[in-house]
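J.: The structure follows.
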Amino acid sequence: MKIKILSYTSLNKVLFIFTIIALLSSLIRIIPDIENMKTKIVFEDLNEVFFSDGKTIPTKFSKYVVLKDATTVDIDIKDKVFGILEFNSSFKLSQNYAKKLTNVINVHYIKPEELTKYNEKTLFKRLWRAVVERSIDLIVLPRTKLTETVAKKFNNYFPTSEPSPYIVKAKNIKYVFLVILVLFVFSLFPFIAFFIPILYFSYDYFVSIVSIIGTIFVFKKVNNNILKFFSYFSLGIFTNLSLYDFYHVNNIETFKLVKLSLILLPVILLIELINTQNKEFKKYIKILLPIFTIFGIYYIIRSGNYGFVSDFERNLREFIEDIFIIRPRTKELIFYPLLFLAPYTKNIFFRKFFQIFGSIALLSTFNTFCHIRAPLFINVYRELFTLFISIIIFSIINLFFERSVLYEKNKNSIHNRSRH
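Numbering (the UniProt record's numbering), first residue to last: 1 to 420.
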């Protein structure tokens, strides 16, 4: 027996209301996020920062203790500030150690050998992203003529202050948004109620599981692709605010099961494609298998908190950032147009094929908000702007696509018919 709480029409209305709630709720973090966008640049030779291997005792002159390339921790930082170094192998170890501390900050470090890749503009952009996109508290630089010039320029843009933890004043507000998150997913999948006992064992894992289930059923239940975008957008905001606490905004804890959240839906859609379009799949397997393999590997290693970034992608991202101030995610600009093309695709196999890549863009939107440390208003702007640019890209591509043999004239909106 199927439980059907809402019709498609009423579901669309409910999701529209949730979108309004999400947009208004995102305002809650604006002031504290802006207040936390203060940073301090220090030079490595001043010895203010002590990079520890987890065994060496910090010097009495150092203010900040940062684990770097450590495999164990056997030190007492006493009255010093502990820094979590991003993009380092000690990241997880630092998180675990920081759980028993209160004076915790986030640190960005540029190695001396990295400077050969940068000029004044690109180095400034790297520091800019560290603060604007990830709210880094402390930036550590090797002293060179280049870094001194960039540091002086950078301090004209951002308030300088002594690094301190991000303090969440509304400590219980996350529970309000947990209820909203559950209600949001319940409107799509009523059986989510049976997962509530998980909350007894782990709040964080419960939020992640509910959110991941939400990503699947939004895709399955929502027809309109624009509404589908805003549903993932809303789901991301509710997830973000459900985890809005001291540990998450200071990177001591992060969104659980992040890899699963990024691959589960595309895998489900791929399996469905193979099962329902078996003959077509076999016909194109020699072309598709290398594409899925190469992209799948790259997609996984690029996800998470410190994934690999190629020089080509870094240069492309910086070019896009120069135009839009805050860079849209590259894969979203590529895959959202494919999602919007799907309703116009005559061949069912390619329609579903486009939807798989479109699901990756949608999950990327959701994942943007799973970085709780990042300023929420920046991520809201980034995703709304990405949607706008993606629609423009789609419109251009569609002019040529209309002339292809794959095109099917659709009297409905380009975003309506994504389920078949």
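Just so it is clear, CB atoms sit at the ideal spot from N, CA and C, and this is done for glycine as well.
Source: prediction; values computed, not measured.
What's the gap between the Cα of L363 and the Cα of S261?
T.: Against the sequence shown, residue 363 aligns to sequence position 363. Against the sequence shown, residue 261 aligns to sequence position 261. Near 8 Å, if we compare the C-alpha coordinates of S261 and L363.
J.: Quick one: grab the DSSP three-state call for L15.
T.: The residue labelled residue 15 in the question sits at position 15 within the sequence shown. Looking at L15 - three-state DSSP - the assignment turns out to be helix.
J.: DSSP three-state call for residue 423: helix, strand or coil?
T.: Nothing in the structure corresponds to residue 423, since the chain is present only between 1 and 420.
J.: Under the DSSP definition of a beta bridge, which residues are partnered with I139?
T.: Against the sequence shown, residue 139 aligns to sequence position 139. I139 pairs with I41, H108.
J.: Compute the beta-carbon to beta-carbon distance between V66 and V49, rounded to the nearest angstrom, for a pair I have assumed lies under 8 Å.
T.: Start at 1 with the first residue of the sequence shown, and residue 66 comes out as number 66. Start at 1 with the first residue of the sequence shown, and residue 49 comes out as number 49. Indeed, because the Cβ distance is near 6 Å, the residues count as touching under 8 Å.
J.: Secondary structure at F50, three-state DSSP: helix, strand or coil?
T.: Numbered from 1 along the sequence shown, position 50 holds the residue referred to as residue 50. Here F50 sits in strand by DSSP.
J.: Between the stretch 318 to 327 and the stretch 380 to 400, do at least 3 Cβ pairs fall closer than 8 Å?
T.: yes
J.: What do you reckon, are the CB atoms on H108 and L127 nearer than 9 Å?
T.: Taking the sequence shown and counting its residues from 1, one reaches residue 108 at position 108. Taking the sequence shown and counting its residues from 1, one reaches residue 127 at position 127. Closer than 9 Å, so yes.
J.: So, do the stretch 364 to 381 and the stretch 237 to 252 have three or more beta carbon pairs nearer to each other than 8 Å?
T.: yes
J.: Any beta-carbon of chain D closer than 9 Å to the one on V182?
T.: In summary, chain D is missing from the structure at hand, where a single protein chain is found.
J.: Considering L363, what are the terminal residues of the alpha helix (DSSP H) in which it resides?
T.: By one-based count along the sequence shown, residue 363 stands at place 363. 348 to 368 is the span of the alpha helix (DSSP H), which, as asked, contains L363.
J.: Starting from V131, trace the beta strand (DSSP E) in both directions and tell me its first and last residue.
T.: What you label residue 131 is simply residue 131 of the sequence shown in a count that begins at 1. No beta strand (DSSP E) contains V131, which is instead part of the alpha helix (DSSP H) from 120 to 132.
J.: Confirm, please, whether the CB-CB distance from V132 to I139 is below 9 Å.
T.: Against the sequence shown, residue 139 aligns to sequence position 139. Against the sequence shown, residue 132 aligns to sequence position 132. Cβ atoms of I139 and V132: not closer than 9 Å.
J.: Put V222 into one of helix, strand or coil per three-state DSSP.
T.: Locating residue 222 in the sequence shown gives position 222, counting from the first residue. Secondary structure of V222 (DSSP, three-state): coil.
J.: Could you tell me the distance, in whole angstroms, from the CA atom of I20 to the CA atom of P58?
T.: The residue given as residue 20 occupies position 20 in the sequence shown. The residue given as residue 58 occupies position 58 in the sequence shown. If I take the Cα positions, the gap works out to 50 Å.
J.: Going by DSSP, what residues sit across from G83 in a beta bridge?
T.: Here residue 83 is taken as the residue at index 83 of the sequence shown, counted from 1. For G83, which the question treats as bridged, DSSP gives the partners V66, I105.
J.: Could you have a look at T160 and say whether DSSP puts it in helix, strand or coil?
T.: On the sequence shown, residue 160 is found 160 positions in, with the first residue counted as 1. T160: strand per DSSP, three-state reduction.
J.: Just the C-alpha distance for I348 and T254, rounded to the nearest angstrom, thanks.
T.: The sequence position of residue 348 within the sequence shown is 348, counting from 1. The sequence position of residue 254 within the sequence shown is 254, counting from 1. Their backbone Cα atoms lie some 39 Å apart in a straight line.
J.: Helix, strand or coil, according to DSSP, for S413 in the structure here?
T.: Sequence index remark: in the sequence shown, residue 413 carries index 413 (1-based). Interpretation of S413 is limited by its pLDDT of 47, a score under 50 that renders its predicted location unreliable; the figure taken from the coordinates is listed afterwards. The answer is coil: DSSP assigns S413 none of H, G, I, E or B.
J.: Using C-beta distances below 7 Å, list every residue in its chain close to P112, excluding the 5 sequence neighbours before and after it, in chain order.
T.: Numbered from 1 along the sequence shown, position 112 holds the residue referred to as residue 112. Around P112: P142.
J.: With a Cβ-Cβ cutoff of 9 Å, do K68 and F43 count as a contact?
T.: The sequence position of residue 68 within the sequence shown is 68, counting from 1. The sequence position of residue 43 within the sequence shown is 43, counting from 1. With a cutoff of 9 Å on beta-carbon distance, K68 and F43 are scored as not near each other.
J.: List the endpoints of the continuous alpha helix (DSSP H) containing I198.
T.: Taking the sequence shown and counting its residues from 1, the one referred to as residue 198 is at position 198. Run containing I198: 198 to 201, per the alpha helix (DSSP H) assignment.
J.: Quick check on DSSP: helix, strand or coil for N398?
T.: In the sequence shown, counting from the first residue as 1, residue 398 sits at position 398. Of the three classes helix, strand and coil, the one that applies to N398 here is helix, per DSSP.
J.: Where does the unbroken alpha helix (DSSP H) through T147 begin, and where does it stop?
T.: To locate residue 147, count along the sequence shown from 1; it is residue 147. Where T147 is concerned, the enclosing alpha helix (DSSP H) stretches over 145 to 154.
J.: Can you list, in chain order, the residues of its chain with a C-beta nearer than 7 Å to that of S161? Leave out the 5 residues immediately preceding and following it.
T.: By 1-based counting over the sequence shown, the position of residue 161 is 161. Same-chain partners within the cutoff: K38, K40.
J.: In angstroms, rounded to a whole number, what distance separates the CA positions of L257 and S10?
T.: Counted from its first residue, the sequence shown places residue 257 at position 257. Counted from its first residue, the sequence shown places residue 10 at position 10. Taking the straight line from one Cα to the other gives about 32 Å.
J.: Thinking just about the alpha-carbon of each residue, which of I294, F229, D76, F350 is nearest to the one in L269?
T.: On the sequence shown, position 269 is the one that residue 269 refers to. Residue F350 is the option with its Cα nearest to L269.
J.: Pick out whichever of S25, L15, I30, K152 has its Cα sitting closest to the Cα of I378.
T.: Taking the sequence shown and counting its residues from 1, the one referred to as residue 378 is at position 378. Of the candidates S25, L15, I30, K152, the residue whose Cα lies closest to the Cα of I378 is I30.
J.: Near Y306, what residues of its chain come up, given a Cβ to Cβ distance below 7 Å and the 5 sequence neighbours on each side ignored?
T.: Reading the sequence shown from its first residue, position 306 is the one you call residue 306. In this predicted model, Y306 has a pLDDT of only 46, less than 50, meaning its place in the structure is not dependable; the value taken from the coordinates is given anyway. So the list reads E86, F87, F91, once near-sequence residues are dropped.
J.: Give the DSSP-derived three-state secondary structure of P32 in the structure shown.
T.: Position 32 of the sequence shown, counting from 1, holds the residue named residue 32. P32 falls in the helix class under three-state DSSP.
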